[in-house]
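Sequence lines, in order, name chains A and B.
Residues in the first sequence are numbered from 1 upward in steps of one, following our numbering.
Residues in the second sequence are numbered from 1 upward in steps of one, following our numbering.
Using N, Cα and C, we set each Cβ at its ideal position, and we do this for glycine too.
Protein chains: 2
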Amino acid sequence: MKVISDRQLEIIESAGRILTNSGLSGLTTKKLAKEMGFSESAIYRHFESKEAIIIAMLEFLGGDMDQRLGGAIDSNAPSEEKFRALFKNQFNFFSANPHFVVAVFSDGLLEESDKINQAILNIMQVKMKHLMPIVMEGQQNGAFTQSITPDELVHIIMGSFRLQMFKWKISNFQFDIQRNGQNMLEALLTIIKP
Amino acid sequence: MKVISDRQLEIIESAGRILTNSGLSGLTTKKLAKEMGFSESAIYRHFESKEAIIIAMLEFLGGDMDQRLGGAIDSNAPSEEKFRALFKNQFNFFSANPHFVVAVFSDGLLEESDKINQAILNIMQVKMKHLMPIVMEGQQNGAFTQSITPDELVHIIMGSFRLQMFKWKISNFQFDIQRNGQNMLEALLTIIKP
DNA sequence: TATCTTTGTTAGTGAACACTCACTTACTTT
DNA sequence: AAAGTAAGTGAGTGTTCACTAACAAAGATA
Chain A
1 MKVISDRQLE
11 IIESAGRILT
21 NSGLSGLTTK
31 KLAKEMGFSE
41 SAIYRHFESK
51 EAIIIAMLEF
61 LGGDMDQRLG
71 GAIDSNAPSE
81 EKFRALFKNQ
91 FNFFSANPHF
101 VVAVFSDGLL
111 EESDKINQAI
121 LNIMQVKMKH
131 LMPIVMEGQQ
141 NGAFTQSITP
151 DELVHIIMGS
161 FRLQMFKWKI
171 SNFQFDIQRN
181 GQNMLEALLT
191 IIKP
Chain B
1 MKVISDRQLE
11 IIESAGRILT
21 NSGLSGLTTK
31 KLAKEMGFSE
41 SAIYRHFESK
51 EAIIIAMLEF
61 LGGDMDQRLG
71 GAIDSNAPSE
81 EKFRALFKNQ
91 FNFFSANPHF
101 VVAVFSDGLL
111 EESDKINQAI
121 LNIMQVKMKH
131 LMPIVMEGQQ
141 NGAFTQSITP
151 DELVHIIMGS
161 FRLQMFKWKI
171 SNFQFDIQRN
181 GQNMLEALLT
191 IIKP
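Set out below in structure tokens:
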């Protein structure tokens, strides 16, 4: 993970906030400067371009998520508990940092530049990296169904998670994502247990 | 469904093509005119604004999808077959019209304007309108599991479908969506059958 | 034949955009 | 105390954006 100054982190957070509630076209240097409370040109003391801000944001989110998920999972717990812990951690994080849902819906940023695309794919891979071994272990010890492949199972789980986050976002964060997420998790578990 | 001229449909298709491979910020009047083979100002003979083009596109896609899904489903078939028919129809359509995947990922267009938001929500509702009764019927006659609610089941199904389309798009349409979609469908069916 | 209507053209418009420049101010280092 | 540096400012830059005005050509209508 790249080293980032306090000021850079502040800018990244402002950018996330703007992206989340005004979309990509709403993220202008003018708005960003206003949100930061200083002039437009000051931004360029901390980042060399707008693209660099977006990339730094995505890299920060990816690195942070990697650390969080790495720490959240007790390797001695049963598979089902690891599974729960992983998603609970995700829902807690986004509940506390709704302006960073961009990390899940970075789709909207796609096609902007190759570097951004790469950073987005990287975030998806981080999530996969932590989910896949849990699913495989669970299938091996009989906690999850073996009737479909691990890849298919992961696909269904990730799809449900993403859609949950999407619904939360279009509702303008009006419902409790920790509670609703928990419900979705239990429904998922119900049908993926053998 | 609003009446649309041939020329308007051509413009809508061009817009879909640009949106799909250049993103929202890539959809400019200049590019659109170039793709159409005439001047920028000619666009305004057919639409009063760029926003009107996007809205017309989304309304066309919603209406078209409604018709297609309405016609594709044999109301006498068993629930499982209706389910298969619905998704097969979707995969066939997008396979033939990849430039319209934007209908699935319209998320990226959110926050642009209230009218656009409305059109996007409408497309999602069209899909729900056709899927929900099939799922409920299937649960009632025992074709699908009753261990979770219809809403939860629909959520999992829709999430898996959207993620499948997302993977197809970021792969640059490199794989056969009809084949891969079929596989995903069977995996889904395996775990949602009682 | 004369006049609309439709669909296109060229050549613009002001506004917004990302970004730069010359300069200042406050701190730190030597 | 002198010199250097990090972080800010205000006033710009050229470019791109969506959109418009004035005009032209062709076909339909009267």
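Within chain A, no residue has its CB atom less than 7 Å from the CB of HIS99 (chain B), the nearest being about 13 Å off.
By the rule that beta-carbons nearer than 8 Å mark a contact, SER22 (chain A) touches chain B. Relative to the Cα of LEU121 (chain B), the nearest Cα in the group B:ASP74, B:ILE134, B:GLU59, B:GLY70 belongs to B:GLU59. Judged by beta-carbon spacing, HIS130 (chain B) lies beyond the 8 Å limit of LEU61 (chain B), meaning their Cβ atoms are not closer than that value.
Contact between the region 125-143 of chain B and the region 69-79 of chain B is present, with at least three C-beta pairs closer than 8 Å.
Taking 8 Å as the threshold, the shortest C-beta distance from GLU51 (chain A) to chain B does not fall below it. A Cβ of chain B is located within less than 8 Å of the beta carbon of ARG162 (chain A).
Taking a contact as a CB-CB distance under 8 Å, the pair PHE144 (chain A) and ILE177 (chain A) does not count as one, their CB atoms being some 24 Å apart.
Relative to the Cα of ILE170 (chain A), the nearest Cα in the group B:VAL104, B:LEU32, B:LEU110 belongs to B:LEU110. Relative to the Cα of GLU112 (chain A), the nearest Cα in the group A:ALA15, A:SER25, A:ASN21 belongs to A:SER25. In this structure, LEU153 (chain B) and MET158 (chain A) do not form a Cβ contact; the two beta carbons are roughly 17 Å apart against a cut-off of 8 Å. Restricting attention to beta strand (DSSP E) runs no shorter than 3 residues, the region 53-84 of chain B encloses none. Taking 8 Å as the cut-off, the Cβ atoms of LEU32 (chain B) and ILE18 (chain B) count as close. By alpha-carbon distance to GLU40 (chain A), the top candidate from A:GLN139, A:SER49, A:PHE47, A:LYS30 is A:LYS30. Under the three-state reduction of DSSP output, ASN92 (chain A) falls in the helix class. For ILE148 (chain B), the nearest beta carbon of chain A is closer than 8 Å to its own beta carbon.
In terms of beta-carbon proximity, ALA187 (chain B) lines the interface with chain A, with at least one pair separated by less than 8 Å. Under the Cβ criterion of 8 Å, MET184 (chain B) is counted among the residues facing chain A.
Residue B:ALA56 holds the alpha-carbon nearest to the alpha-carbon of GLN118 (chain B) among B:MET184, B:ALA56, B:GLY23.
Between PHE93 (chain A) and ASP6 (chain B), the alpha-carbon positions lie close to 49 Å from each other. Between ILE54 (chain A) and ILE116 (chain A), the CB-CB gap stays under 8 Å.
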